[in-house]
Amino acid sequence: MSIPGARDWREMTAWMAELLKRRTGDDVETWNARVRESGAHDEASLRAWLTEQGVTGYAQTLLVMERFGYPDFFLATADDLIAGQYADRPALRPILDAVLVRAGQLGEVKVQARKTFVALVTPRRTFAVVQPTTKRRVDLGLRLADPPLGGRLRAASSMGNGAMTARIGLESVEEVDDEVDEWLRRAYEENT
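Residue numbers for the sequence shown follow the numbering used here, beginning at -18 and rising by one.
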């Protein structure tokens, strides 16, 4: 099943390019020429040089990838990234689809496919991730301030982009229930 509107890294790359131009006044092509002239021959020296030039964060990462190449997952479509996550556990894919349906009812939510997880993003930031964790379980990671851990709500460690504070393990579509709705809504509202 294709996920309409799911974003992949190409949109992120375009955003990074816009960020670079906004922060420095120059586009990627101009910076690529500067990078070639910099004499930096490895990633560490290039990052150091870019930092000296005031280029940090996502803009720096973009220029490093422009110089040394993009990882394969950056070139994959959103559908390909998601298919790869569930290739060896197809029975879990309907859980992702059920979470996405419920998240889509919250308001403005962007779905961003990554190599190992799917991020759910408000206009402000990521509020949840869906990550196939084992052959039998998908974890719904939630970005919550001071989550009351207990019951189905467990501590999250290094889920998705590392910002998730709690998780709910899901082993079937039936477990994507009203309680999951409530936690998704709370995470959405806290991060909007």
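Here a beta-carbon is modelled for each residue, glycine too, at the ideal position from N, C-alpha and C.
Short Cβ contact (8 Å threshold) for residue i with residue j
i, j, result
"GLU24", "PHE49", "yes"
"GLY122", "ALA136", "no"
"ALA108", "ARG83", "Here residue 108 turns out to be Phe, not Ala, going by the sequence shown. No, they are not a contact pair."
"ALA57", "LEU0", "no"
"VAL157", "ALA72", "no"
"THR5", "THR103", "no"
"VAL110", "GLY85", "no"
Residues near residue i in its chain [Cβ-Cβ closer than 6 Å; skip 5 each side]
i, result
"TRP30", "SER19, ALA21"
"PHE54", "LYS96"
"ALA94", "ALA(-13), ASP(-11), ALA59, LEU62, ILE63"
"ARG118", "GLY150, GLU152"
"ARG74", "TYR67"
According to DSSP, residues forming a beta bridge with residue i
i, result
"THR107", "VAL102"
"VAL92", "LEU101"
"VAL154", "Per DSSP, none; premise fails for VAL154."
"GLN112", "ASP120"
Residue closest to residue i, alpha-carbon to alpha-carbon, out of the options
i, options, result
"GLN112", "LEU125, ALA126, THR97, VAL102", "THR97"
"ALA143", "VAL154, ARG106, LYS116", "Rather than Ala, the amino acid found at residue 143 in this sequence is Gly. Closest by alpha carbon: ARG106."
"ALA100", "GLN66, VAL154, ASP159", "GLN66"
"THR114", "ILE149, GLU163, LEU81", "ILE149"
Close beta carbons around residue i, own chain, < 7 Å, minus the five adjacent residues each side
i, result
"SER(-17)", "Bear in mind that the predicted position of SER(-17) carries a pLDDT of just 49, short of 50, making it too unreliable to give a figure here."
"ARG166", "LEU87"
"PRO128", "LEU134, THR146, ALA147"
"LYS2", "ASP8"
"TYR51", "none"
Exercise. For the 8 Å Cβ check, are there 3 or more pairs between the segment 39 to 47 and the segment 7 to 14?
Worked result: yes
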